[in-house]
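**Q**
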Amino acid sequence: MTVIETPAAAQVAKEATGGAGEPPVSDRLRHERRLGWRLSAPAFVVMILVTAYPLGYALVLSLFKYRLTDPGARKFVGLQNYLTVLTDPIWWSSFVTTAVITLASVAVELVLGFGFAWVMFRILRGRSLVRTAILVPYGIITVVSAFIWRYAFQLDSGFVNQWFGLGDMNWFGDRWSSLFVITLSEIWKTTPFISLLLLAGLVQVPEELLEAARVDGATAWQRLWKVVLPNMKAAIMVAVLFRTLDAWRIFDNPFIMTAGANDTETLSILAYRQNVTLVNLGAGSSVSVLLFLTVVLIAFVFIKGFKTDLSQVRGDR
Amino acid sequence: MERSGGRRRPRRSVVAAAALALLAPLVLLGCGGGSGGLPTLTWYINPDNGGQATLAQQCSDQSGGAYRLRTEVLPNDATAQREQLIRRLAAGDSSVDLMSLDPVFVAEFANAGYLEPITDPQAAQQLTDGVLPAPLQTAYWKDQLVAAPFWANTQLLWYRKAVARAAGVDPTTNELTWDQMIDIAEAQQKLIGATGNRYEGYVVWINALISGAGGQILEDTEAGDEARPTVASPAGDRAADIIGRLARSPAAAPDLSTATEEEVRSTFQSDRGAFMVNWPYVYQAARTAVESGALTQDAFDDIGWARYPRTDPGTPSAPPLGGIDLGIGAFSKHKAEALDAVKCITSVQHNAQYMVEAGNPAARAAAYDDPAVRDAFPMADLIRQSLADAAPRPITPYYGDVSSSIQRVWHPPSSVRAPQTPEETDSYMSDVLSGKRLL
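Chains as they are written, first to last, in our numbering: chain A, 1 to 317; chain B, 1001 to 1439.
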């Protein structure tokens, strides 16, 4: 008898048998679960207090025309701020800039990071030295690394133009060359992070599978694509999710290097300028709320759309 | 992981030590506020070379035990200084007794009720007596004295004497126009330095050019967000012509669109430098560069100075205005003492002392006759004259919006064209002021 199993049917079947098929929850396990909840409760409550309140307040503020230095002129305007923001070319320019930096840096970091993870995994001699060397950029404070990169490319103090014989090329005088430097610095700074997450995934690939594939005559390339990568998919997705969310909120690098000039302003800088510099809390809060929504959307797409299992990152499976 | 068992104990003590380190400052802060006795005033200062701290010490001593002045240093650039002060004052911070304010922010602070107006006529007389006209203008909001000019800054034209000689001009007797400067630099394949980065210094330049042609950026400034932008005018067009021409000319420094004061100075001190517009601090900086060997004595001797270049051949220039005004915090618990401290800090004698020590020009005219000042600043008279004729940037509570919208439209300098750029500035600025556009 042939049964054609669709994914949905399989899911239903699994759920139906799940209750009876799984071993009963032991007392000890139940205890541990309860203890886990109790231990995390204080942190959970504090987190709700410090994040939920400002979040709610930002939502309220975003419905007002309100400037901190002109409290008398505070006025309820409904969704007007959102309309203003979403129809403004500045929001969309910042959106494109942020997207370009995110896509470019995450794509390059994934490939490079995998290479580094492979080296860290396979190296036999001087392992700790290599691992430390790879992690150094990640240990540098972002603002500091942003200044280093700025001074390296700047016209009066930089050495990059001299090294490559570029003469008077002003890297920060144009949108795309500025974005190039910003993205490069971002890649340099955070590739170690992604390679660490990938290393955790690499360690979990069962050695027997690789042995078996080798015995069956699979080439190195085939082993990479058919054995290694599928087995660390969860780790890859988690790494990409974390880095995408990080890159999407990028602030330090463009802020230090260009301060948003030449259309290099990212969404975080836009929100910062409205809220902190212009103290325009109404429009600023609506930018912040929209930024928050895009972050939620990215997380949702990854977790639901790509079925990223966040528990994989614990490395205990 | 495998070694974790044996280490459990030390780790716990590390956590305890970390917790203690985090909590200690909080406990100490809690104790510090209540000590009675003579009132301690906090003066929020912009970073300088220590001149303000010296004044704080001297005035504390001179007060005869009436108050003690303590300085608290604000961030480096004016925008960040404003951000911190606004956040404190919006929360009603009573620790802000005195503050060193960039003049462009005085109107905004006064309009928001953050500054204690100086209403006593005798005190007002003492604080304004002999202050040069342009800095004095910045201390008023709606005809009320809300701050006291402490020091004032202006830009000069700095030129290389060799370049001027080769071109057969003497900028000290015949004031140059921007067009002449560009012609000379182009002919000799040299560079002109100006601050074209997208920041406040670029607005300083633009405002000086527009004012130099008899125009202004904004009208009806007291109407707040209903003020009328007036950049689209013959004066605005002249300013756009000059900036666009320079930016597209080989005489522009290659980093014009990202240059702030320091990059401008570095271009000017290089072999290709011909002219720059910059604050007087560059003179002391060049002298220091000679001492450290970064600049040759010959190059230093080659530096000349003259009044800010003209926008129009027939109209005297309107040099930029900067500096620092002192404000008294509206939430201060020691306003009377703070007023006394302001009187002490801004005295003619202290003006002169600060000018020599910190290199920042005095707000009061009489300070320029001090022999020590004349020694340190061979161009003292020129600075005083420039300050008398200087044009302040728009005095409006919405200065941040006005300045940022100009920066957005006029950057990069090579994109500036008349009449498009000035027209776009006006429509964009009104939209921003009325909340229809983002900045």
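For each residue, glycine too, the CB sits at the ideal point set by N, CA and C.
Is F44(A) helix, strand or coil when you go by DSSP?
**A** Three-state DSSP puts F44(A) in a helix.
**Q** DSSP on Q1144(B), reduced to helix/strand/coil?
**A** It is a strand residue.
**Q** For the candidate residues T98(A), F95(A), L68(A), D88(A), whose alpha-carbon lies nearest to that of I1086(B)?
**A** That would be L68(A), whose Cα lies nearest to the Cα of I1086(B).
**Q** If I1184(B) sits next to V1163(B), beta carbons under 8 Å apart, how far is it from one beta carbon to the other, in whole angstroms?
**A** Confirmed, Cβ separation roughly 7 Å.
**Q** Looking at C-alpha atoms only, which residue of N1360(B), N1174(B), Q1297(B), Q1189(B) is the closest neighbour of Q1052(B)?
**A** For the residues N1360(B), N1174(B), Q1297(B), Q1189(B), the minimum Cα distance to Q1052(B) belongs to N1360(B).
**Q** Return no unless some Cβ of chain A is closer than 8 Å to the Cβ of G1400(B).
**A** Yes, G1400(B) counts as interfacial toward chain A.
**Q** I want to verify the contact list: residues of chain B whose CB lies under 9 Å from the CB of A212(A), in sequence order.
**A** Per Cβ cutoff of 9 Å: no residues; A212(A) is ~28 Å from chain B at best.
**Q** Would you please state the rounded distance, in angstroms, between the beta carbons of L1321(B) and A1232(B)? I believe it to be under 8 Å.
**A** About 23 Å separates the two Cβ atoms, so there is no contact after all.
**Q** Measure the alpha-carbon distance for A1251(B) versus I134(A) and round it to whole angstroms.
**A** Cα to Cα, A1251(B) sits roughly 45 Å from I134(A).
**Q** Straight-line CA distance for L1433(B) to D1401(B)?
**A** Each residue's Cα considered, the two are about 7 Å apart.
**Q** Taking R1068(B) as part of the alpha helix (DSSP H), name the residues at either end of that continuous run.
**A** Premise fails: R1068(B) lies in the beta strand (DSSP E), 1068-1073, not in any alpha helix (DSSP H).
**Q** Of all the residues that make up the stretch 1087-1099 of chain B, which are near chain A by a beta-carbon distance shorter than 7 Å?
**A** Going along the stretch 1087-1099 of chain B in chain order, one finds A1090 with a Cβ nearer than 7 Å to chain A.
**Q** For the candidate residues Y1354(B), E1175(B), Y1199(B), whose alpha-carbon lies nearest to that of N1049(B)?
**A** Minimum Cα distance to N1049(B) is reached at Y1354(B).
**Q** Kindly indicate the opening and closing residues of the alpha helix (DSSP H) around T132(A).
**A** Element bounds for T132(A): 127-139.
**Q** Would DSSP call S1427(B) helix, strand or coil?
**A** Helix.
**Q** Consider the Cβ of S1292(B): report whether some Cβ of chain A lies at a distance smaller than 8 Å.
**A** Not one chain A Cβ lies under 8 Å of S1292(B).
**Q** Who pairs with K226(A) in a beta bridge, going by DSSP?
**A** None, per the DSSP bridge assignment.
**Q** So, helix, strand or coil for A1124(B), using DSSP?
**A** Here A1124(B) sits in helix by DSSP.
**Q** Indicate the three-state DSSP secondary structure (helix, strand or coil) for G1051(B) in the structure shown.
**A** Helix, per DSSP.
**Q** With 8 Å as the threshold, decide whether the Cβ of N170(A) is near any Cβ in chain B.
**A** Closer than 8 Å: yes.
**Q** List the whole-angstrom C-beta distance separating A1366(B) from V1342(B), where the pair is believed to meet the contact cut-off of C-beta under 8 Å.
**A** 18 Å between Cβ atoms; not a contact.
**Q** Tell me which same chain residues have a C-beta within less than 8 Å of the C-beta of V1203(B), skipping the five on either side of it?
**A** Excluding residues within five positions, the ones whose Cβ falls inside 8 Å are R1393, S1403, I1406, Q1407.
**Q** Assuming contact is defined by CB atoms lying nearer than 8 Å, are I141(A) and M257(A) in contact in what I supplied?
**A** No, the pair does not count as a contact, with Cβ atoms beyond the cut-off.
**Q** Do you know how far the Cα of G1130(B) is from the Cα of V1373(B)?
**A** The alpha-carbon atoms of V1373(B) and G1130(B) are separated by roughly 17 Å.
**Q** Return the chain-ordered list of same chain residues with a C-beta closer than 6 Å to the C-beta of Q1284(B), the five sequence neighbours on each side being excluded.
**A** Around Q1284(B): G1359.
**Q** Compile a chain-ordered list of the residues in the stretch 269-293 of chain A whose CB is closer than 9 Å to at least one CB of chain B.
**A** Within the stretch 269-293 of chain A, the residues whose Cβ lies closer than 9 Å to some Cβ of chain B are L270, R273, Q274, V276, T277, L278, V279, N280, G282, A283, V287, listed in chain order.
**Q** Who are the neighbours of G173(A) on chain B, taking C-beta pairs under 9 Å?
**A** The answer, in chain order, is P1254, D1255, L1256, S1257, T1258, P1412, S1414.
**Q** Verify whether the separation of the beta carbon atoms of N231(A) and L209(A) is less than 8 Å.
**A** Contact flag set, yes.
**Q** Determine which residues of the stretch 1074-1085 of chain B have a Cβ less than 7 Å from any Cβ of chain A, and write them out in chain order.
**A** Here the close residues are T1079, E1083.
**Q** Put L1433(B) into one of helix, strand or coil per three-state DSSP.
**A** The answer is helix: DSSP assigns L1433(B) an H, G or I state.
**Q** Between which two residues does the alpha helix (DSSP H) carrying S1094(B) extend?
**A** From DSSP, S1094(B) is part of no alpha helix (DSSP H); its letter is neither H nor E.
**Q** Go ahead and label W1151(B) buried or exposed: buried means 16 or more other beta carbons lie within 10 angstroms of its beta carbon, across all protein chains shown.
**A** That one is buried.
**Q** For G305(A), collect the residues of the same chain with a Cβ closer than 7 Å to its Cβ; drop the 5 residues on either side in sequence, then sort them by chain order.
**A** Closer than 7 Å at Cβ, skipping near neighbours: no residue.
**Q** Count the other CB atoms within 10 Å of the CB of A1134(B); is the residue buried (16 or more) or exposed (fewer)?
**A** A1134(B) should be labelled buried.
**Q** Residues bridged to V1131(B) by DSSP?
**A** V1131(B) is bridged to R1364(B).
**Q** Interface residues of chain B around V143(A) at Cβ under 9 Å?
**A** Neighbours of V143(A) on chain B: none; closest Cβ ~13 Å, over 9 Å.
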